[in-house]
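Encoded as structure tokens, the structure appears first; notes follow it.
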Amino acid sequence: MYTVTKEIHFCYGHRLLNHQGKCRHLHGHNAKAVIRLESQQLDSLGMVCDFADIGNYVKGWIDQTLDHNMLLHADDPVLPLLQEAGESVYVMKHNPTAENIARLIYEHVETGGFPVVEVAIFETDSALASYRRN
């Protein structure tokens, strides 16, 4: 089995609905997404995937969708206020936890046809959440 990993750095803001700790308040993170691809065979160039291809695909989408953006649950009561103020907000169906952000990126990479097996999000240097299919 061959594996390649690509890291993408980005910044985002969020808050977690119904959280009892300080994450219930609006705050931000300097995050790192770690995308892991696997394949039994290499392509004609001897690669699982060109690092530039996966990097450009994911970074372009993250830059447009998540980077320097406020990620909020669709039911967040502050959402209409931020939208009315013209703030950039990405609305999620689920609480914007690191786990759900990892799944969001995973699904985007999968849609692009890349052999993704796992996406991990470092929300901080010491806090990591990941998503992979069984």
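Residue 0 is where the sequence shown starts when you use numbering that gives the first Met the number 0, and the numbers rise one by one after that.
Each residue gets a CB set at the ideal place from its N, CA and C atoms; glycine is no exception.
All of these numbers come straight from a predicted model, not from anything done at the bench.
> Taking DSSP as the reference, what is the three-state secondary structure of Glu109?
Replying inline: Residue mapping note: residue 109 aligns to position 110 of the sequence shown, counting from 1. Looking at Glu109 - three-state DSSP - the assignment turns out to be helix.
>> Let me confirm a value: Cys48 is counted as buried when at least 16 other C-beta atoms fall within 10 Å, else exposed. Which label applies?
In response: Here residue 48 refers to the residue found at position 49 when the sequence shown is read from its first residue. By the 10 Å Cβ count, Cys48 comes out buried.
>> For Phe9, tell me which candidate among Gly27, Ile53, Lys21, Asn17 has the shortest Cα-Cα distance.
In response: Position 10 of the sequence shown, counting from 1, holds the residue named residue 9. Answer by Cα proximity: Gly27.
> On the premise that Glu86 lies in contact with Met69, defined as a C-beta separation below 8 angstroms, what is that separation, rounded to the nearest angstrom?
Replying inline: Indexing the sequence shown from 1 puts residue 69 at position 70. Indexing the sequence shown from 1 puts residue 86 at position 87. Confirmed, Cβ separation roughly 6 angstroms.
> With Phe50 and Val115 assumed to form a contact (beta carbons below 8 angstroms), what rounded beta-carbon distance in angstroms separates them?
Replying inline: In the sequence shown, counting from the first residue as 1, residue 50 sits at position 51. In the sequence shown, counting from the first residue as 1, residue 115 sits at position 116. At roughly 14 angstroms, the Cβ-Cβ gap does not stay under 8 angstroms, so Phe50 and Val115 are not in contact.
> Rounded to the nearest angstrom, how far is the Cβ of His72 from that of Met91, given a contact under 8 angstroms?
Replying inline: Locating residue 72 in the sequence shown gives position 73, where the first residue counts as 1. Locating residue 91 in the sequence shown gives position 92, where the first residue counts as 1. With 8 angstroms as the limit, His72 and Met91 qualify as a contact, their Cβ atoms being about 6 angstroms apart.
> In three-state terms, what does DSSP make of Ala73?
Replying inline: As a working mapping, residue 73 is identified with position 74 in the sequence shown. If DSSP states are grouped into helix, strand and coil, Ala73 belongs with coil.
> Cys48 bridges to which residues according to DSSP?
Replying inline: In the sequence shown, the residue the question calls residue 48 occupies position 49. DSSP, once it has assigned bridges, lists no residue as partnering Cys48.
> Which partner residues of Arg35 appear in the DSSP bridge assignment?
Replying inline: Translated into positions along the sequence shown, residue 35 becomes position 36. Per DSSP, Thr4, Glu117.
>> On the DSSP letters alone, give me the boundaries of the alpha helix (DSSP H) that Leu78 sits inside.
In response: Taking the sequence shown and counting its residues from 1, the one referred to as residue 78 is at position 79. Leu78 -> alpha helix (DSSP H) spans 78–83.
> Is the Cβ-Cβ distance between Leu25 and Gly12 less than 8 angstroms?
Replying inline: Within the sequence shown, numbered from 1, the residue matching residue 25 stands at position 26. Within the sequence shown, numbered from 1, the residue matching residue 12 stands at position 13. Their beta carbons are under 8 angstroms apart, which means Leu25 touches Gly12 by this criterion.
>> Please report the straight-line C-alpha distance between Arg131 and Tyr105, rounded to a whole angstrom.
In response: Position 132 of the sequence shown, counting from 1, holds the residue named residue 131. Position 106 of the sequence shown, counting from 1, holds the residue named residue 105. Going from the Cα of Arg131 to the Cα of Tyr105 covers about 8 angstroms.
> To which residues of the same chain is Tyr56 closer than 6 angstroms at the C-beta, ignoring the five residues directly before and after it?
Replying inline: Indexing the sequence shown from 1 puts residue 56 at position 57. Closer than 6 angstroms at the Cβ level, and outside the excluded window around Tyr56, lie Gly111.
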